[in-house]
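Below: one structure, written as structure tokens.
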Amino acid sequence: MSAPHETPSPAPARVTAVLRILVLSTFVVLLNETIMVNAIPRLMRDFEVTAAAAGWLSTAFMLTMAIVIPVTGWFLQRVTTRTAFGLAMALFLAGTTLAAAAPAFPVLLAARVIQASGTAVMMPLLMTTLMTLVPPHDRGRVMGNVTLVISVAPAFGPAVSGVLLQLGSWRLLFLAVIPIAGAMAIFGRRELVNIGAPQAVPIDWMSVPLAAAGFGALVYGLSGLGAENAGRAPVPPPAITLAGAVLVGLFVWRQLALQRSSAPLLDLRALTFRHFSVALGLMCLSFMAL
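Here you go:
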């Protein structure tokens with residue numbers, strides 16, 4: 180994700196309002212990452228699929244985020260804040276609505292991919308806006324609060340799904356989210372202000388497949404470790420994980436090289452900010468513990 184360019188700072192009240200909208204919206208979309216866990220037995224029965232197939236509803240969500248997130252930094256520089264927010268929430272709402280009405284398992288799986296595409300835009304949008312608007316002396320406090328909210332959302336998913344499944348069908352997991360996400364989308368589009376101006380920045384197309392293959396293989400390989408059918412897989416999960424780690428290493432090497440001569444797909448200089456690095460590390464640990 181490229182470093183945000185300088186922009187006149189809005190009033191403190193407006194900064195708080197913008198961050199509040201983005202944090203609440205990100206909480207709603209991240210809640211859906213783990214909301215399917217308790218519904219797997221019902222989905223297996225209704226769609227007549229195996230547990231391994233049903234587990235793809237969560238794996239596909241994570242894979243999509245791993246593939247899409249590295250490209251969003253470039254995308255966010257080319258569009259306004261309101262456009263990015265509107266697209267993210269529109270994708271999430273479209274995926275949620277399709278999932279609620281899914282007549283077959285492949286449709287539900289496709290809906291989860293669409294949901295994840297919207298979620299993958301929201302997280303970088305929140306972090307980029309935060310780094311742009313919040314003064315350096317206050318970033319640690321704000322980043323800590325935001326990290327707490329983002330970390331709690333996936334942990335709440337199974338609890339929320341357990342309550343909703345006691346009340347009705349698994350489709351209620353999506354039907355209950357639609358009005359909340361819809362309200363956030365309408366309110367956000369109305370209240371959100373554009374941060375900075377779009378820039379026609381170039382993209383390093385060689386980095387895109389490296390990021391997609393590397394992060395995708397890493398997530399897929401890690402998700403397969405310890406699975407019941409891991410020994411029968413055509414390619415062992417440890418080998419996929421190792422290949423993903425190598426590709427991610429090549430991706431990082433290319434980004435460091437591009438920082439000296441061109442615009443990288445992912446600007447790793449953001450990691451030089453201590454508060455950002457610590458918050459990112461804590462967030463990774465919390466997601467791995469889920």
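Quick note: the sequence shown uses my numbering, first residue 180, plus one each step. Virtual Cβ for every residue (Gly too), placed ideally from N, Cα, C.
Where residue i sits in the DSSP three-state scheme
i: T186; result: Per-residue confidence for T186 stands at a pLDDT of 47, beneath the threshold of 50, marking its modelled position as unreliable; the derived number appears in the next sentence. In the structure shown, T186 sits in coil (DSSP, three-state: anything other than H, G, I, E or B).
i: V414; result: coil
i: W432; result: helix
i: W235; result: helix
i: S440; result: helix
i: I359; result: helix
i: P249; result: helix
i: S296; result: helix
i: F240; result: helix
i: P314; result: coil
i: T259; result: coil
i: P285; result: helix
i: G347; result: coil
i: A379; result: coil
i: I446; result: For the record, residue 446 in the displayed sequence is Asp; it is not Ile. The answer is coil: DSSP assigns D446 none of H, G, I, E or B.
i: V342; result: helix
i: S181; result: Summary for S181: the model assigns pLDDT 46, below 50, so the residue's position carries little reliability, and this model does not support an answer.
i: F452; result: coil
i: A280; result: coil
i: L209; result: helix
i: M385; result: coil
i: I374; result: coil
i: I329; result: helix
i: I200; result: helix
i: L404; result: coil
i: M268; result: helix
Residue of the options minimising C-alpha distance to residue i
i: A376; options: V356, Q256, M302, L236; result: Q256
i: V208; options: T307, A332, A233; result: A332
i: A278; options: L346, I357, I200; result: I357
i: V398; options: W432, T238, G347; result: T238
i: F284; options: L312, V328, T229, L272; result: T229
i: H316; options: L435, F452, L351; result: F452
i: M294; options: A338, Q345, V372, M215; result: It should be pointed out that residue 294 corresponds to Gln in this sequence rather than to Met. The shortest C-alpha separation from Q294 is found at M215.
i: M223; options: W349, A360, P415; result: W349
i: G403; options: L287, R199, W235; result: W235
i: V380; options: V258, V202, R221, D225; result: V258
i: T307; options: L445, S441, D225; result: L445
i: P388; options: R433, R318, G323; result: R433
Beta-carbon proximity list for residue i, same chain, < 8 Å, skipping 5 on both sides
i: L121; result: Because the chain spans 180 through 469 in this model, residue 121 falls outside it and cannot be assessed.
i: A289; result: L277
i: M385; result: R433
i: L270; result: I293, Q294, S296, G297, V300
Spatial neighbours of residue i in its chain, beta-carbon cut-off 7 Å, leaving aside the 5 residues before and after
i: L437; result: D383, P443
i: A299; result: T243, M244, V247, I248, T251
i: P303; result: M180, I248, T251, G252, L255
i: L371; result: V197, I200, T260, R261, F264
i: G339; result: What sits at residue 339 in the sequence shown is Val, not Gly. Excluding positions up to five away in sequence, the list reads L210, I214.
i: G341; result: N217
Supposed close pair residue i, residue j - CB separation, criterion 8 Å
i: G297; j: G265; result: Wrong, their Cβ atoms sit about 10 Å apart, outside the cutoff.
i: S204; j: M268; result: 7 Å
i: F240; j: R291; result: 5 Å
i: V427; j: F394; result: 6 Å
i: G336; j: E212; result: 6 Å
i: L343; j: A355; result: 6 Å
i: L435; j: L447; result: 7 Å
i: V328; j: V202; result: 5 Å
Cβ shell of residue i (< 6 Å), same chain only, five flanking positions each side left out
i: A396; result: I419, A422, G423
i: A390; result: P249, F430
i: V194; result: L312
i: I219; result: A233
i: L287; result: A278, A281
i: L459; result: none
i: N324; result: none
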